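Residue numbers (the numbering used here): 37 to 183. A virtual CB, placed ideally from N, CA and C, is assigned to each residue, including glycine. Just so you know, these numbers come straight off a predicted model, no measurement behind them.
Written out as structure tokens, the structure reads:
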């Protein structure tokens with residue numbers, strides 16, 4: 037599986053302003069709700085429930101909020117570069133400026149694991165993270181992640 041199998045260029049946002057983790061989760065839930073067949077409220081609830089199990093701030097300024105969502109028909113990915121880093125209760129206590137939202141159909145646990153594994157592999161490469169921080173447009177971000 038490759039990033040371009042589930043990330044569309046129009047689902048990349050650069051320069052989003054958010055003042056808190058909760059505000060950010062609401063903002064990305066609203067964006068996802070406008071694009072998918074699932075309400076933003078249901079998405080926000082799924083993300084909140086998942087964050088309740090432990091922060092998805094994976095370290096190095098990167099957060100990977102993810103959830104299995106009832107009614108979702110296919111994998112949805114949204115990549116956001118924040119205008120300013122925010123506290124995300126990350127494992128390393130570092131503020132987050134790169135956010136990758138992954139939503140998967142609740143009926144497909146295998147697909148969820150494959151998608152998370154694909155993203156984790158991509159972000160293990162230090163060049164990808166450095167490139168994202170240098171990117172100024174959504175097209176640049178998309179090219180880095182899918183190249």
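Hey, quick one: how far does the beta strand (DSSP E) through residue 112 stretch, first residue to last? Here residue 112 is taken as the residue at index 76 of the chain shown, counted from 1. Where residue 112 is concerned, the enclosing beta strand (DSSP E) stretches over 112-122.
Give a yes or no on whether the C-beta atoms belonging to residue 108 and residue 136 are separated by under 8 Å. One-based indexing of the chain shown puts residue 108 at position 72. One-based indexing of the chain shown puts residue 136 at position 100. It is not a contact, given that the beta carbons lie outside the stated cut-off.
Could you say which of 151, 142, 85 and 127 lies nearest to residue 95 if we only look at CA atoms? Residue 95 sits at position 59 when you count from the first residue of the chain shown. Of the candidates 151, 142, 85 and 127, the one whose C-alpha sits nearest the C-alpha of residue 95 is 127.
If you run the structure through DSSP and keep just helix, strand and coil, what is residue 49? Counted from its first residue, the chain shown places residue 49 at position 13. Three-state result, residue 49: strand.
From 87, 158 and 105, residue whose alpha carbon lies closest to that of residue 144: In the chain shown, residue 144 corresponds to position 108, counting from 1. Of 87, 158 and 105, the residue nearest in Cα terms is 105.
To the nearest angstrom, how far is it from the Cα of residue 68 to the Cα of residue 87? In the chain shown, counting from the first residue as 1, residue 68 sits at position 32. In the chain shown, counting from the first residue as 1, residue 87 sits at position 51. Roughly 17 Å separates the two Cα atoms.
What span of residues does the alpha helix (DSSP H) with residue 179 cover, start to end? Here residue 179 refers to the residue found at position 143 of the chain shown. Run containing residue 179: 174-182, per the alpha helix (DSSP H) assignment.
Taking only three categories from DSSP, how would you classify residue 89? For this step, residue 89 is matched to residue 53 along the chain shown. If DSSP states are grouped into helix, strand and coil, residue 89 belongs with the helices.
Check whether the stretch 45-65 touches the stretch 165-181, counting contact only when three or more Cβ pairs, one atom from each stretch, lie closer than 8 Å. yes
Quick check on the burial criterion: 16 or more other C-beta atoms within 10 angstroms. Buried or exposed for residue 173? Residue mapping note: residue 173 aligns to position 137 of the chain shown, counting from 1. The residue in question, residue 173, is exposed, as its Cβ has fewer than 16 Cβ neighbours within 10 Å.
Does the separation of the CB atoms of residue 152 and residue 102 fall below 8 Å? Taking the first residue of the chain shown as 1, we reach residue 152 at position 116. Taking the first residue of the chain shown as 1, we reach residue 102 at position 66. For residue 152 and residue 102, yes; Cβs fall inside 8 Å.
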